[in-house]
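Visitor: Pasting a structure here, questions to come.
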Amino acid sequence: MAINIRGRSFLTLLDFTPAEINYMLDLSAEFKRMKNNGVEHKWLTGKQVVLLFEKTSTRTRCAFEVGARDLGMGCTFLDPASSQMGKKESLADTAKVLGRMYDGIEYRGFKQSVVEDLARYSGVPVWNGLTDAFHPTQMLADILTVKEEFGDVRGRKLTFFGDARNNVANSLMVVCAKLGMRFCACGPKELMPAADLVEKCKAIAAETGAEIELTDDVKQGAKDCDVLYTDIWVSMGEPAELWEKRIKLLLPYQVNKDVMAMAKPTAIFLHCLPSFHDRDTTTGEEIFQKFGLPAMEVTDDVFLGKQARQFDEAENRMHTIKAVMYATLK
Ligand code: CP
Ligand code: NVA
2 MAINIRGRSF LTLLDFTPAE INYMLDLSAE FKRMKNNGVE HKWLTGKQVV
52 LLFEKTSTRT RCAFEVGARD LGMGCTFLDP ASSQMGKKES LADTAKVLGR
102 MYDGIEYRGF KQSVVEDLAR YSGVPVWNGL TDAFHPTQML ADILTVKEEF
152 GDVRGRKLTF FGDARNNVAN SLMVVCAKLG MRFCACGPKE LMPAADLVEK
202 CKAIAAETGA EIELTDDVKQ GAKDCDVLYT DIWVSMGEPA ELWEKRIKLL
252 LPYQVNKDVM AMAKPTAIFL HCLPSFHDRD TTTGEEIFQK FGLPAMEVTD
302 DVFLGKQARQ FDEAENRMHT IKAVMYATLK
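Here is the structure:
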């Protein structure tokens, strides 16, 4: 059956079937081929999108802006400092106004309920560019990168090391369940994904042949692993006071050359970025001065090593976001 997701919002991958996710991945690969071969694809000329960011961003914002322009669309960027959103105008009213002017809305912010409300009130497709709960556009880029490396992703083991209840880990568990992969959350018991989401993913896995595993044992997490994935230890919106506690809890789950050596020799390393792998950021240097750590969730030997694919992954944000916009707006 032909897949058609025109008019749909993209809020969490829980809302999409494996066939719909694979359709978006195939479309992404097609957009990547066109871009790399200089084939113009202004297929949405005349449409307009707006990007709402309540948290900062490099990759997601740029991916949406470049993707929109490549598709021939106009694109407006709004942040809280330059709009009435939330301060002088409710979200529902903002959504209703934006829905009158734009064909699609991207939102990055805090609560998942906000992106859901935007979709409810605006009447146009809304794309989740990251909330505290999920980061679904990231997952398409991640899986495209895994496909580019291994072809078929089914049965591949992807382990997330670290804060396994954050937005990225949650979304990875969902996409692995949907696509028949082996997902392993490897971190301290205090930072495991919520039980209800694990149950939902296990139910999906029962239908797709996926496996969901939770472990606090690094050896177990790395064993037979094809994709080692990590993310920062304190996410946007969490208080800076958490660093000390998180460092204590998560240092054993740092992805370094010893952990890489426990995985398959063909394994790759992924990171959604940004990453604290050295002291070349203000936060990285502050952490070094305070706690003596030169790297956090990943060490430079891995980040700069042969198995690292995080910059291919970052590029793929643009191709995949373009596919999401096109598939829902065409
Ligand atoms: N991975 C990601 O979402 O990066 P940005 O925060 O820079 O958008
Ligand atoms: N977990 C991170 C992801 C950044 C892309 C955060 O929310 O800050």
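Count along the sequence shown from 1, then add 1; that gives the number in the numbering used here.
Ideal placement from N, C-alpha and C gives every residue a C-beta, glycine not left out.
Source: prediction; values computed, not measured.
So, for valine 303: in the same chain, excluding its five sequence neighbours on each side, which residues have a beta-carbon less than 7 Å away from its beta-carbon?
Guide: Here residue 303 refers to the residue found at position 302 when the sequence shown is read from its first residue. Here the set comprises Val256, Asn257, Lys258, Met261, Phe270 and Ala309.
Visitor: At a cut of 8 Å, does the stretch 38-56 reach the stretch 9-27 through at least three beta carbon pairs?
Guide: Judged by Cβ distances under 8 Å, the stretch 38-56 makes no contact with the stretch 9-27, as fewer than three pairs qualify.
Visitor: Which residues mark the beginning and the end of the alpha helix (DSSP H) in which leucine 141 is found?
Guide: For the purposes of this step, residue 141 is taken as the residue at position 140 of the sequence shown. Per DSSP, leucine 141 belongs to the alpha helix (DSSP H) from 137-151.
Visitor: At which residues does the alpha helix (DSSP H) containing alanine 315 begin and terminate?
Guide: Taking the first residue of the sequence shown as 1, we reach residue 315 at position 314. From DSSP, the alpha helix (DSSP H) with alanine 315 extends over 311-330.
Visitor: Whose CA, out of Val299, Asp164, Asp281 and Phe277, lies closest to the CA of leucine 215?
Guide: If you number the sequence shown from 1, residue 215 lands on position 214. Among Val299, Asp164, Asp281 and Phe277, the Cα nearest to that of leucine 215 belongs to Asp164.
Visitor: I need the straight-line Cα distance from aspartate 227 to lysine 89, nearest angstrom please.
Guide: Looking up residue 227 in the sequence shown gives position 226. Looking up residue 89 in the sequence shown gives position 88. Between aspartate 227 and lysine 89, the C-alpha separation is close to 49 Å.
Visitor: What residue from Glu200, Gly210, Gly75 and Gly188 has the CA that sits closest to lysine 220's CA?
Guide: The residue given as residue 220 occupies position 219 in the sequence shown. Per the Cα distances, Gly188.
Visitor: Within the same chain, show all residues whose beta-carbon is closer than 6 Å to that of methionine 319, passing over the 5 residues directly before and after it, in chain order.
Guide: What you label residue 319 is simply residue 318 of the sequence shown in a count that begins at 1. Ala64, Val67 and Gly68.
Visitor: Any heavy atom of the ligand HEM closer than 6 Å to the Cβ of arginine 60?
Guide: You won't find the ligand HEM in this model; what it holds is the ligand CP and the ligand NVA.
Visitor: Report the partner residues of isoleucine 22 according to the DSSP bridge assignment.
Guide: As a working mapping, residue 22 is identified with position 21 in the sequence shown. Answer is none; isoleucine 22 lacks a bridge partner.
Visitor: Suppose the cutoff is 6 Å on Cβ atoms and the five residues either side in sequence are ignored; what does the same chain contact list for glutamine 339 look like?
Guide: The question about residue 339 has no answer, for the chain in this structure spans 2 to 331.
Visitor: According to DSSP, is arginine 283 part of a helix, a strand, or is it coil?
Guide: The residue you call residue 283 lines up with position 282 of the sequence shown. Looking at the sequence itself, residue 283 is threonine, so the reference to arginine does not match. Residue state, collapsed to three classes: helix.
Visitor: Roughly how far, in whole angstroms, is the beta-carbon of glycine 100 from the beta-carbon of valine 125, given that I think they are within contact range, below 8 Å?
Guide: Counting from 1 along the sequence shown, the entry for residue 100 is found at position 99. Counting from 1 along the sequence shown, the entry for residue 125 is found at position 124. Contact holds; Cβ gap of about 5 Å.
Visitor: Grouping DSSP H, G and I as helix and E and B as strand, with all else coil, what is arginine 109?
Guide: Locating residue 109 in the sequence shown gives position 108, where the first residue counts as 1. Looking at arginine 109 - three-state DSSP - the assignment turns out to be strand.
Visitor: Can you tell me where the alpha helix (DSSP H) holding glutamine 49 begins and where it ends?
Guide: Taking the sequence shown and counting its residues from 1, the one referred to as residue 49 is at position 48. Where glutamine 49 is concerned, there is no enclosing alpha helix (DSSP H), although the beta strand (DSSP E) it sits in stretches over 49-54.
Visitor: What does DSSP give as the partner residue(s) for isoleucine 269 in the beta ladder?
Guide: The count along the sequence shown starts at 1 and reaches residue 269 at position 268. Isoleucine 269 pairs with Val228.
Visitor: Under 6 Å: does the beta carbon of aspartate 259 sit that close to some heavy atom of the ligand NVA?
Guide: Translated into the one-based positions of the sequence shown, residue 259 becomes position 258. Aspartate 259: no, Cβ never under 6 Å from the ligand NVA.
Visitor: At what residues does the beta strand (DSSP E) containing threonine 209 begin and finish?
Guide: Taking the first residue of the sequence shown as 1, we reach residue 209 at position 208. From DSSP, threonine 209 is part of no beta strand (DSSP E) but of the alpha helix (DSSP H) over 196-209.
Visitor: Just to confirm, is the Cβ distance from leucine 92 to tyrosine 108 under 7 Å?
Guide: Residue 92 sits at position 91 when you count from the first residue of the sequence shown. Residue 108 sits at position 107 when you count from the first residue of the sequence shown. Not in contact: leucine 92 and tyrosine 108 (Cβ atoms no closer than 7 Å).
Visitor: Would you report the Cα separation of leucine 145 and arginine 157, rounded to the nearest angstrom?
Guide: Counted from its first residue, the sequence shown places residue 145 at position 144. Counted from its first residue, the sequence shown places residue 157 at position 156. For leucine 145 and arginine 157, the distance between alpha carbons rounds to 13 Å.
Visitor: Buried or exposed: which applies to phenylalanine 292, given that a residue is buried once 16 or more other Cβ atoms fall within 10 Å of its Cβ?
Guide: Translated into the one-based positions of the sequence shown, residue 292 becomes position 291. By the 10 Å Cβ count, phenylalanine 292 comes out exposed.
Visitor: So is methionine 74 buried or exposed if we call it buried at 16+ other beta carbons inside 10 Å?
Guide: In the sequence shown, the residue the question calls residue 74 occupies position 73. So methionine 74 ends up on the buried side.
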